Structures are given as structure tokens and as C-alpha cells.
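In UniProt numbering, the protein residues as written are 1 to 189.
Just so it is clear, CB atoms sit at the ideal spot from N, CA and C, and this is done for glycine as well.
Predicted model only: the values in this text are computed from it and were never measured.
Below is one structure, written out as C-alpha cells, with a few remarks after it.
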């Protein structure tokens with residue numbers, strides 16, 4: 001009979017970049033190498049964890065809730081410590097629970113979860129997200145991929161670049177005019 005996962009002894013409070021507070025157990029933190037290194041390096045024990053939240057930059061509250069839920073589900077499991085680049089998505093099997101967890105995520109939500117998993121080094125979560133993205137792309141035409149991943153057409157990119165170039169040139173001209181004391185061309189009637 002397998003041993004039941006150990007129960008957490010205390011919880012950390014994580015603060016997202018939009019100031020949402022999320023609880024994560026000391027055992028769940030093990031799944032996110034960056035968090036584990038942070039709490040270990042700063043010596044954040046149960047007493048310190050109870051006093052102040054740990055700021056997590058570049059991760060919004062909704063995404064941090066997902067990361068925390070995933071880490072809690074996998075607490076007590078051996079985390080992946082090496083870079084995901086060494087493990088190819090086609091060799092990855094996503095367990096049923098994780099497949100269900102990722103099922104509803106698409107577009108921006110999936111992108112935010114990938115970025116958070118990468119930043120926090122939750123490597124197994126990142127691996128599963130990458131596999132889901134690979135599965136979303138499998139068998140799709142270039143046109144379908146553009147729609148799924150919101151990839152702009154070359155013409156749209158060229159138009160954006162041209163508009164940016166024109167704006168930068170106009171700004172440079174205005175700065176030069178101001179420096180020389182001449183009236184701005186954009187304010188002329």
C-alpha cells in the first residue's frame with residue numbers, strides 16, 4: 001500500500017503583481033524551484049511566513065491561483081529540476097488530472113500560465129503546458145495556427161512597423177523643432 005502524501009506543516013502567503021494574496025503550503029512550494037530557492041535562501045520558516053506575504057512579480061492573481069492549485073495537487077511528488085528543453089513534448093504523457101486542469105485553458109490564460117511556470121520554474125507544469133500547445137498545433141494548417149495563436153499576417157506586421165517608423169520620425173522632427181525654437185509641424189494649421 002502506498003503512503004499517503006505528507007500533510008503540510010504551514011502555508012506561505014504569496015502576493016501577485018495585482019496584490020491578490022494566495023496561500024501555498026510548504027510542501028507545494030517544492031514544485032516551483034524559484035519559490036523553493038527563494039524561501040530557502042531567505043530563511044522563511046513558519047514564523048516568518050505568517051508575518052508577511054512573499055511578492056511574486058509578473059504573475060497576476062488568477063494565474064498564481066492556478067499555479068498554486070497545480071502545486072498543491074502535486075505536493076509530495078518529485079519535482080523536475082532540469083530545463084524542459086531537454087525533455088521533448090512528444091515524449092511527455094500528461095496525466096488525466098493535469099489534462100483536465102489544462103483543458104479549459106487557451107489563448108492568453110494558457111500563455112500566462114506558461115510564463116508563470118517558466119518564471120517560477122515549475123518545470124513539470126511547464127512541460128505539460130508545452131505538450132498541450134503542441135497538441136493544439138498538431139495537424140493544423142498555417143492559417144489555423146495563425147488563428148489559434150493569434151499570429152499577425154506579414155502585411156499587418158509591415159503596417160505596424162511603418163506606423164511606428166512614421167511616429168518616431170515625426171517625434172524626432174518635433175524634438176528638433178523644439179530644440180531650434182521653431183513651431184511644431186503637428187500643431188500647424
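Residue 145: first and last residue of the uninterrupted alpha helix (DSSP H) it sits in: In the chain shown, counting from the first residue as 1, residue 145 sits at position 145. Note, residue 145: alpha helix (DSSP H), 142-148.
Could you tell me the distance, in whole angstroms, from the CA atom of residue 196 to the CA atom of residue 13? An answer regarding residue 196 cannot be provided, because it is not within the stretch 1 to 189 covered by the chain.
Spatial neighbours of residue 10 within its chain, please: CB distance less than 7 Å, with the 5 preceding and 5 following residues excluded, ordered by chain position. Here residue 10 corresponds to residue number 10 of the chain shown, with the count starting at 1. Only 26, 46 and 49 meet the Cβ criterion.
Measuring only the C-alpha atoms, how far is residue 179 from residue 127? As a first step, residue 179 must be located in the chain shown, where it is residue number 179. As a first step, residue 127 must be located in the chain shown, where it is residue number 127. Roughly 54 Å between the two C-alpha positions.
Chain-order list of residues whose beta-carbon lies under 8 Å from that of residue 64 (same chain, five-residue window excluded): Residue mapping note: residue 64 aligns to position 64 of the chain shown, counting from 1. 14, 16, 20, 22, 56 and 116, listed in sequence order.
Just to check my reading of the structure: residue 31 and residue 79 have Cβ atoms closer than 8 Å, yes? What is that Cβ distance to the nearest angstrom? Position 31 of the chain shown holds residue 31. Position 79 of the chain shown holds residue 79. Yes, they are in contact, since the Cβ atoms of residue 31 and residue 79 sit about 5 Å apart, within 8 Å.
Give me the residue from 133, 177, 72 and 140 with the minimum Cα distance to residue 112. By one-based count along the chain shown, residue 112 stands at place 112. Residue 133 is the option with its Cα nearest to residue 112.
Where does residue 98 land, buried or exposed, given buried means 16+ other C-beta within 10 angstroms? Residue mapping note: residue 98 aligns to position 98 of the chain shown, counting from 1. Label assigned to residue 98: buried.
Between the CA atoms of residue 101 and residue 61 - distance to the nearest angstrom: Within the chain shown, numbered from 1, the residue matching residue 61 stands at position 61. Within the chain shown, numbered from 1, the residue matching residue 101 stands at position 101. Answer to the nearest angstrom: the Cα atoms are 17 Å apart.
Taking 6 Å as the limit between beta carbons, can you name the residues of its chain near residue 28, skipping five residues before and five after? For the purposes of this step, residue 28 is identified with residue 28 of the chain shown, where counting begins at 1. Taken in chain order, the residues that qualify are 71, 72 and 75.
Assuming residue 137 and residue 125 form a contact by the criterion Cβ under 8 Å, report the distance between their Cβ atoms to the nearest whole angstrom. On the chain shown, residue 137 is found 137 positions in, with the first residue counted as 1. On the chain shown, residue 125 is found 125 positions in, with the first residue counted as 1. Not really, about 19 Å apart at Cβ, beyond 8 Å.
Answer with buried or exposed for residue 44, where buried requires no fewer than 16 other C-beta atoms within 10 angstroms of its C-beta. Translated into the one-based positions of the chain shown, residue 44 becomes position 44. It counts as buried.
With 16 other Cβ atoms within 10 Å as the buried cut-off, status of residue 123: Counting from one through the chain shown, the residue named residue 123 turns up at place 123. Buried is the call here.
Tell me, which residues are paired with residue 52 by DSSP? Along the chain shown, one-based indexing puts residue 52 at 52. None; residue 52 has no bridge partner.
Neighbourhood of residue 6 by C-beta distance below 7 Å, restricted to the same chain and skipping five residues each side: Position 6 of the chain shown, counted from the start, is the residue given in the question as residue 6. These residues qualify, in order along the chain: 27 and 76.
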